[in-house]
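Here is the structure we will look at, set down as structure tokens.
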Amino acid sequence: MPTMAQVVRNAYNQRALEEETSNGFNIYMAWHTCGSLELITSSDVFVPSSNQTTESQQLSLFGGPTVFLTGPAANKFIFSSDSLTLKQPQSITRIIGSQNMMELIGADHKRVRGAVSYFLKPEILRKYVGKIDEEIRQHFRTNWLSHQQVKVSPSMKSLTFNVICSTIFGIKQGTTREALVNEFNKMLAGMWAVPINLPFTHFHNSLKAREKVGKILNRIIVEKRSALQRGECSSEDEDLITYLISLGADKGETLTEEEILDNAVLLMIAGHDTTAIVLTFIVRQLANDPIIYASVVNEQEEIAKTKAPEEALTWDDLLKMKYTWRVAQEILRTIPPLFGGFRRVIKDVEFGGYLIPKGWQVFWNTSVTHMDESIFKEPEKFNPLRFKKQSEIPPYCFIAFGAGPRICPGYEFAKTETLVAVHYMVTRFKWSLCCKDDTFVRDPMPSPKQGLPVLIEVKASL
Numbered sequence: 001m002p003t004m005a006q007v008v009r010n011a012y013n014q015r016a017l018e019e020e021t022s023n024g025f026n027i028y029m030a031w032h033t034c035g036s037l038e039l040i041t042s043s044d045v046f047v048p049s050s051n052q053t054t055e056s057q058q059l060s061l062f063g064g065p066t067v068f069l070t071g072p073a074a075n076k077f078i079f080s081s082d083s084l085t086l087k088q089p090q091s092i093t094r095i096i097g098s099q100n101m102m103e104l105i106g107a108d109h110k111r112v113r114g115a116v117s118y119f120l121k122p123e124i125l126r127k128y129v130g131k132i133d134e135e136i137r138q139h140f141r142t143n144w145l146s147h148q149q150v151k152v153s154p155s156m157k158s159l160t161f162n163v164i165c166s167t168i169f170g171i172k173q174g175t176t177r178e179a180l181v182n183e184f185n186k187m188l189a190g191m192w193a194v195p196i197n198l199p200f201t202h203f204h205n206s207l208k209a210r211e212k213v214g215k216i217l218n219r220i221i222v223e224k225r226s227a228l229q230r231g232e233c234s235s236e237d238e239d240l241i242t243y244l245i246s247l248g249a250d251k252g253e254t255l256t257e258e259e260i261l262d263n264a265v266l267l268m269i270a271g272h273d274t275t276a277i278v279l280t281f282i283v284r285q286l287a288n289d290p291i292i293y294a295s296v297v298n299e300q301e302e303i304a305k306t307k308a309p310e311e312a313l314t315w316d317d318l319l320k321m322k323y324t325w326r327v328a329q330e331i332l333r334t335i336p337p338l339f340g341g342f343r344r345v346i347k348d349v350e351f352g353g354y355l356i357p358k359g360w361q362v363f364w365n366t367s368v369t370h371m372d373e374s375i376f377k378e379p380e381k382f383n384p385l386r387f388k389k390q391s392e393i394p395p396y397c398f399i400a401f402g403a404g405p406r407i408c409p410g411y412e413f414a415k416t417e418t419l420v421a422v423h424y425m426v427t428r429f430k431w432s433l434c435c436k437d438d439t440f441v442r443d444p445m446p447s448p449k450q451g452l453p454v455l456i457e458v459k460a461s462l
């Protein structure tokens, strides 16, 4: 049975009619018929609001009538319109939980997103740089320092999971963290599988693992609630879960147990894969590009000179890592972790003279603007300096983290984690690729075929 990634790849190989409008955006239309990929000709998919008529072809895909919108104007519409809300396949919703912020709308979405965003904003996040620093250094001490060869992709996934456990959940190294990572990996394995809930299928195993993850996190929530009641900890000075539990008392807008749990699972998944992918491909890029590698090392060594041997990085140190972050942004532009996503139309909405009916879904794609030569000169070339002047990049063109009012609330968290990890990698180690064939696949996220094995040389202790 095909995975979602296989369906998407097959779809992109099919011919579809592209409707070019005077506004410079593109529209594609699709319809789902049990996973088949037949092309259907139609003349009345849209009823244009200005007496326009158009012929289009429909591609059977994605679980419902789907509009494909691309281009800066379309991106602005998708990430700004109140008529659209996030939509995930039902299989993913069942695993994450129905009360995660991607599924909520209106006041509930605003309340939950606001609570999570508050904890992840720079003013709060700067308090956690030391904790993130220690987790990352400990990871490299354990998994890199005494090793001659490392597979980068699984190593980065382990690193990001440990940071999440510490910062989001307040879980220290030990049996609870080990149990959680075991079930978490089982849960992830079925995220994009065909949603057939029968014994021994990936999806069934994923749902079972989700139940166990929920039980572990529920125990943590109970323990933290009890600690708060005893006055043994404060709210935002501990971790995200403690903060969300305390929100009712501090802010007057309580979150339910289910909302806390489902959004904790969402953050686990979102923070685990995306940052790990960025770090993996940074390692790959630096191994292949000695000039960019030297520039990153130079920037990080200058910061390292100001630190005592065991002194942690600070928020101010991260602000100096401008070139390093441009490298990360260029990775996100050329190899975005997410190929795109869906938004559900919650009320009839007009865009570019066309009516998109309630109940339809809109699909957006990351790479269309990322690889548009009219936006990014020589888009195939890896050039971090294109991000030196952010003002020169038109709005809603670089959408690796979304854009506008719907930019990812974990943006600063991912940035912090990425910069700290790169700092310790380039100041403590050198590496070279073991395999010249370092190609990658998308299923559905980009991943090196062999896990990106590298040979390690230690430069300095941690």
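Just so you know, the sequence shown maps onto residues 1 to 462 in UniProt numbering. All C-beta atoms, glycine included, are put in the ideal place defined by N, C-alpha and C. Predicted model only: the values in this text are computed from it and were never measured.
Cα separation between Phe200 and Thr176? 26 Å
Endpoints, beta strand (DSSP E) assigned at Asn149: In the sequence as presented, Asn is not what sits at residue 149; that position holds Gln. Residues Gln149 to Lys151.
For the beta strand (DSSP E) that contains Asn365, what are its first and last residues? Gln361 to Asn365
How many Å lie between Val297 and Thr427 at the Cα? 7 Å
I'd like to know if Ile269 contacts chain D, where contact means its C-beta is closer than 8 Å to some C-beta of that chain. Looking for chain D here will not work: only one protein chain is present.
What is the DSSP secondary structure of Val67, reduced to helix, strand or coil? strand
Limits of the beta strand (DSSP E) - the one that Val458 falls within: Pro453 to Val458
Report yes or no: do the region 294-310 and the region 431-450 share at least 3 C-beta pairs separated by less than 8 Å? no
By Cβ distance below 8 Å, which residues in the same chain neighbour Ser22 in space, the five residues on each side in sequence not counted? Residue placement at Ser22 is flagged as unreliable, the pLDDT there being 40, under the threshold of 50; a coordinate-derived value is accordingly withheld.
Take Ser158 as the anchor and find which of His147, Gly214, Asp273 and Lys347 has the nearest alpha-carbon. Asp273
Which class does Phe203 belong to by DSSP, given the choice of helix, strand or coil? helix
May I ask you to list the residues that DSSP assigns as paired with Arg344? Thr85 and Gln361
Closest to Phe161 by CA distance: which of Leu188, Thr85, Gln148 and Leu145 is it? Leu188
Would you check if there are 3 or more beta carbon pairs closer than 8 Å linking the region 165-176 to the region 339-352? no
For Ser155, which three-state DSSP category applies? helix
How about Gly71 and Thr416: do their beta carbons lie closer than 8 Å? no
Skipping 5 residues on each side, what residues in its chain have a beta carbon closer than 6 Å to that of Ser295? Tyr323
Where Trp144 falls: helix, strand or coil (DSSP): coil
Continuous beta strand (DSSP E) stretch holding Phe429: start and end: Phe429 to Leu433
State the Cα-Cα distance for the pair Arg333 and Phe79, rounded to the nearest angstrom. 18 Å
Nearest-angstrom Cα distance between Asp239 and Glu183? 21 Å
Best match in Gln149, Gly340 and Asn383 for proximity to Val362 [C-alpha to C-alpha]: Gly340
Can you tell me which of the three DSSP states Leu355 falls into? strand
Under 7 Å Cβ to Cβ from Arg113, same chain only, skipping five residues before and after it: list those, please. Met101 and Pro409
Have a look at Ala227 and Cys233 and give me their C-alpha separation to the nearest angstrom. 6 Å
CB-CB under 7 Å to Ala460, same chain, minus the five flanking residues each way: which ones, in chain order? Thr427 and Arg428
Do the region 252-264 and the region 274-290 make contact, defined as three or more Cβ pairs closer than 8 Å? no
Cα separation between Pro357 and Val345? 7 Å
Residue range of the beta strand (DSSP E) that includes Arg442: Phe440 to Arg442
Through-space distance from Gly353 to Gln329, alpha-carbon basis: 34 Å
Beta-carbon proximity list for residue 468, same chain, < 8 Å, skipping 5 on both sides: The displayed coordinates of the chain run from 1 to 462. Any statement about residue 468 would go beyond what the structure contains.
Counting pairs of beta carbons, one from the region 76-94 and one from the region 305-321, are three or more of them closer than 8 Å? no
Tell me where the beta strand (DSSP E) around Pro448 begins and ends. Pro446 to Pro448
In the DSSP assignment, find the unbroken alpha helix (DSSP H) run with Tyr293 in it and report its ends. Pro290 to Ala304
Looking at the secondary structure, which residues open and close the alpha helix (DSSP H) in which Phe77 lies? Pro72 to Ser80
Limits of the alpha helix (DSSP H) - the one that Asn383 falls within: No alpha helix (DSSP H) holds Asn383; DSSP gives it neither H nor E.
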